[in-house]
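Read through the structure below, which is laid out as structure tokens, and then see the notes.
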Amino acid sequence: MGKTKPRGKYQGISLPVPFVEEIKKYVLRDNKYKSIADFVRESCREKMERIDKLNR
């Protein structure tokens, strides 16, 4: 993985534009998410939890 120096408490990532546009549809359709970042954060958290369960 590339080495980048985080600034503050957050670090940015790059995603393909079509992927982000698809995420926007979920954010606009479902009031559960406040922003694209909120959706991505929760999605990553859920994925990590599934991986952790598989590795137990």
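Numbering (the working numbering), first residue to last: -12 to 43.
Heads up, the beta-carbon is just placed ideally off N, CA and C, and yes, glycines get one too.
Give every residue of the same chain whose Cβ lies closer than 8 angstroms to the Cβ of residue i, excluding the five residues on either side of it in the sequence, and list them in chain order.
i	result
Tyr13	Tyr20, Phe26
Ser22	Val14
Asp33	For clarity, residue 33 is Glu in the given sequence; the question names Asp instead. Hits under 8 angstroms: none found.
For residue i, I'd like the list of residues in its chain whose CB is within less than 7 angstroms of its CB, leaving aside the five on either flank, ordered along the chain.
i	result
Ile16	Residue 16 is actually Arg in this sequence, not Ile. Cβ neighbours of Arg16 beyond the five flanking positions: none.
Checklist entry - Where are the alpha helix (DSSP H) runs, 4 residues long or more, that stay fully inside the region -4 to 39, in chain order? => result 4 to 16
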